[in-house]
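According to my numbering, the sequence shown holds residues 77 to 243 in order. Backbone N, C-alpha and C fix where the C-beta goes; we use that ideal spot for every residue, glycine too. Computed from a predicted structure; not experimentally measured. What follows is a short report on a single structure.
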Amino acid sequence: MQVYNELIDVLRRLRAPDGCPWDREQTHESLKAPVVEEAAEVLGAINLLKDTGDGDNLKEELGDLLLQVIMQALIAEEEGLFTMDDVMEGLREKMIRRHPHVFGEASASDSAEVLDLWEQVKAREKAGKDKAAPYLPEAFDEAEALIDRARARKKIRAGGQGHSSDA
77 MQVYNELIDV
87 LRRLRAPDGC
97 PWDREQTHES
107 LKAPVVEEAA
117 EVLGAINLLK
127 DTGDGDNLKE
137 ELGDLLLQVI
147 MQALIAEEEG
157 LFTMDDVMEG
167 LREKMIRRHP
177 HVFGEASASD
187 SAEVLDLWEQ
197 VKAREKAGKD
207 KAAPYLPEAF
217 DEAEALIDRA
227 RARKKIRAGG
237 QGHSSDA
């Protein structure tokens, strides 16, 4: 946890009044594109790993995606919404709930049974509470547009034009 705490301290410092102007200006909205771009780059790194067995790029891209998660959580903390610890605790609780075959009384002998259990638990959790569902079609369209813009920027950069501000 020491490395985690040190990373959080670095990112808080970047967002501090005497930190980095660019990092301080970031909002949930302004970080939408980097979240999508970094997720796509993780996919590319997984493909590279499959083809070459080299995990260095995946390690870097996972770090870049983690940066986006932590930045979103820090902004939410500044807004009084929740903390990164809240995010991790929620995820821990979800993993326990959705694995009753490991942490509870249910049993599953293969992946298909595990997926069935997962879907049953998820359906009970989401019943009447899936507030984001109506926003998903719009979010997928937005993600597609953001990826198209990222591709265009990368093509321009590959041609020697512009400059990169990628992590």
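Alpha helix (DSSP H) segment containing residue i, residue limits
i    : result
F179 : P176 to F179
G235 : Segment: none, G235 is in no alpha helix (DSSP H) and carries neither H nor E.
P110 : K108 to T128
Helix, strand or coil at residue i [DSSP, three-state]
i    : result
G95  : coil
M77  : coil
D85  : helix
E105 : coil
D224 : helix
K135 : helix
A203 : coil
A215 : helix
A209 : helix
Residue i beta carbon near the ligand MG (any heavy atom closer than 6 Å)
i    : result
M160 : Looking for the ligand MG in the displayed structure turns up nothing, as the structure carries no ligands at all.
Inter-residue spacing [alpha-carbon to alpha-carbon] between residue i and residue j
i    : j    : result
V112 : D94  : 29 Å
A188 : G180 : 18 Å
Q78  : T128 : 32 Å
D140 : E82  : 16 Å
D99  : Q144 : 11 Å
V86  : F158 : 19 Å
P210 : A109 : 20 Å
L138 : A121 : 9 Å
N123 : E214 : 27 Å
S183 : L167 : 22 Å
K207 : F216 : 16 Å
V224 : S185 : It is Asp, not Val, that sits at residue 224 in the sequence shown. Between D224 and S185, the C-alpha separation is close to 42 Å.
A219 : K135 : 23 Å
D161 : A221 : 32 Å
N133 : K126 : 12 Å
Inside the region 139-201 only - beta strand (DSSP E) runs reaching at least 3 residues = none
Contact the region 80-95 vs the region 114-123: 3+ CB pairs below 8 Å | no
Tell me, please, whether the region 159-174 touches the region 197-216 by the rule of three or more beta-carbon pairs shorter than 8 Å.
-> yes
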